[in-house]
Amino acid sequence: MILLKKCPLCSGLKFAKKLTCTDHTKSKENFTIVSCETCKFTFTNPRPKEESLGEYYKSEMYISHTNSSKGIFNWMYQTVRKHSIRAKVLFLKKIKSGGAHLDIGCGTGEFLNACRKSGFITKGVEPSLSARKQAIENYNLSVSEESDLSQYNASEFDSVTMWHVLEHITDLNETAGHLHQILKPDGKLIIAVPNHNCWEASYYKEFWAGWDVPIHLWHFSKSTMEKLFKKHKFKLLKTKPMIFDSYYVSLLSEEFSSGEKKFFKGFLVGFISNLFGIFTKRGHSSIIYVFEKEK
Numbered sequence: 390m391i392l393l394k395k396c397p398l399c400s401g402l403k404f405a406k407k408l409t410c411t412d413h414t415k416s417k418e419n420f421t422i423v424s425c426e427t428c429k430f431t432f433t434n435p436r437p438k439e440e441s442l443g444e445y446y447k448s449e450m451y452i453s454h455t456n457s458s459k460g461i462f463n464w465m466y467q468t469v470r471k472h473s474i475r476a477k478v479l480f481l482k483k484i485k486s487g488g489a490h491l492d493i494g495c496g497t498g499e500f501l502n503a504c505r506k507s508g509f510i511t512k513g514v515e516p517s518l519s520a521r522k523q524a525i526e527n528y529n530l531s532v533s534e535e536s537d538l539s540q541y542n543a544s545e546f547d548s549v550t551m552w553h554v555l556e557h558i559t560d561l562n563e564t565a566g567h568l569h570q571i572l573k574p575d576g577k578l579i580i581a582v583p584n585h586n587c588w589e590a591s592y593y594k595e596f597w598a599g600w601d602v603p604i605h606l607w608h609f610s611k612s613t614m615e616k617l618f619k620k621h622k623f624k625l626l627k628t629k630p631m632i633f634d635s636y637y638v639s640l641l642s643e644e645f646s647s648g649e650k651k652f653f654k655g656f657l658v659g660f661i662s663n664l665f666g667i668f669t670k671r672g673h674s675s676i677i678y679v680f681e682k683e684k
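With the first letter of the sequence shown counted as 1, position 112 gets the number 501 in this note's numbering; the numbers rise by one all the way through.
Listed below in structure tokens is the structure:
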């Protein structure tokens, strides 16, 4: 295990324990989540060593690396994913109409393939062998195993996307620095992450599926996302909620908290959480952030 002694956002040295959460999808181990007393950045601490993290992804419940529709949660995920891919491509085209695009954590390649069909020149990064193999074999995509972004040229990309990937990356500051380097001066960076300030997180507490310990190393709020990327000379342009995430995460959280699939209650909590996201400053379960380089 690795124990962080310094906040990666502000270098603060004092942390407050926030929660102890269980890895419900694989090991059933408990992990502590802390918040920096200076900047309130929240993260899993301690966490497994980088070389050991891969073992925690080997679960049938970790479904972003598969196209299986077996089981209600897989079916729901795949159904929503088909709709969300179209929505994501339309959103990207409003931000950048075309050009060189990099999708980090491209999974099995559906979104990247849709981008290519929409006129983008695409590259992807995916560390999972099985997911990468599907992306290459099914869609003939250019997908790299190597997650080190220094492999790319300076100012190579017009746009970069990271859909629920940043919370998994071990070195935040190095990654943010490389993102700044590989984007063109007028390039756009689009990142989606869970928002631990959402209402359903406060409702489910340690059972909130968005904590997803230990593979979620970092837990973001609107404030800490903006602070992190401002530190690396990015400017926040806009945010957009991911409405469906509240329902899916609430359904999983119900199962974690009660051991039962309580669909009606899960949907109700997701609906309430979305209302709080609309009418309060809490924000939604997951949020898309659009950044550009500071001028």
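Think of the CB as a built atom: it goes at the ideal place given N, C-alpha and C, for glycine as much as any other residue.
Since the structure is predicted, the reported quantities are computational estimates derived from the model, not experimental observations.
Using only the alpha-carbon positions, how far apart do residue i and residue j sit?
i    : j    : result
E556 : L606 : 6 Å
H569 : S441 : 29 Å
L491 : T550 : 6 Å
A524 : K506 : 14 Å
H454 : E499 : With a pLDDT of only 47 at H454, under 50, the local geometry of the prediction cannot be trusted, and the value read off the model is given with reservation. Their Cα atoms are separated by approximately 11 Å.
K522 : G496 : 10 Å
T511 : M390 : 36 Å
K394 : K417 : 25 Å
S544 : G487 : 15 Å
L664 : L402 : 36 Å
K471 : W552 : 14 Å
K651 : E683 : 46 Å
K620 : T669 : 27 Å
M598 : Y445 : Rather than Met, the amino acid found at residue 598 in this sequence is Ala. Taking the straight line from one Cα to the other gives about 15 Å.
I474 : L641 : 21 Å
D634 : L392 : 30 Å
G560 : G443 : Looking at the sequence itself, residue 560 is Asp, so the reference to Gly does not match. Their backbone Cα atoms lie some 16 Å apart in a straight line.
I667 : E439 : 37 Å
D575 : K624 : 12 Å
E644 : F480 : 32 Å
H585 : G648 : 22 Å
L530 : E426 : 44 Å
Our contact map puts residue i next to residue j with C-beta atoms below 8 Å; I'd like the distance itself, whole angstroms only.
i    : j    : result
G659 : E589 : 7 Å
K611 : G672 : 6 Å
L617 : E681 : With a Cβ gap of about 15 Å, L617 and E681 do not count as contacting.
K429 : T613 : 7 Å
Y528 : N562 : About 33 Å separates the two Cβ atoms, so there is no contact after all.
I493 : V554 : 6 Å
V469 : C504 : Going by Cβ atoms, the distance from V469 to C504 rounds to 19 Å, so no, they are not a contact pair.
Do residue i and residue j have their C-beta atoms closer together than 8 Å?
i    : j    : result
V582 : S639 : no
P397 : P603 : no
F656 : Y636 : yes
D547 : K482 : no
N434 : T414 : no
S536 : V514 : yes
V679 : K573 : no
T409 : H608 : no
I571 : Y541 : yes
T628 : I661 : no
S646 : F596 : yes
Does the beta carbon of residue i fall short of 7 Å from some heavy atom of the ligand GDP?
i    : result
N529 : This structure lacks the ligand GDP, and indeed carries no ligand of any kind.
Subject >> Within the region 625–668, ranges of the alpha helix (DSSP H) (whole runs, at least 4 residues) >> reply: 632–647, 652–668
Ignoring anything shorter than 3 residues or poking outside the region 467–541, list the beta strand (DSSP E) runs there in chain order. 488–493, 509–514
**Prompt:** At what residue ranges does the region 542–584 contain a whole run of the alpha helix (DSSP H), taking only runs of 4 or more?
**Reply:** 561–571
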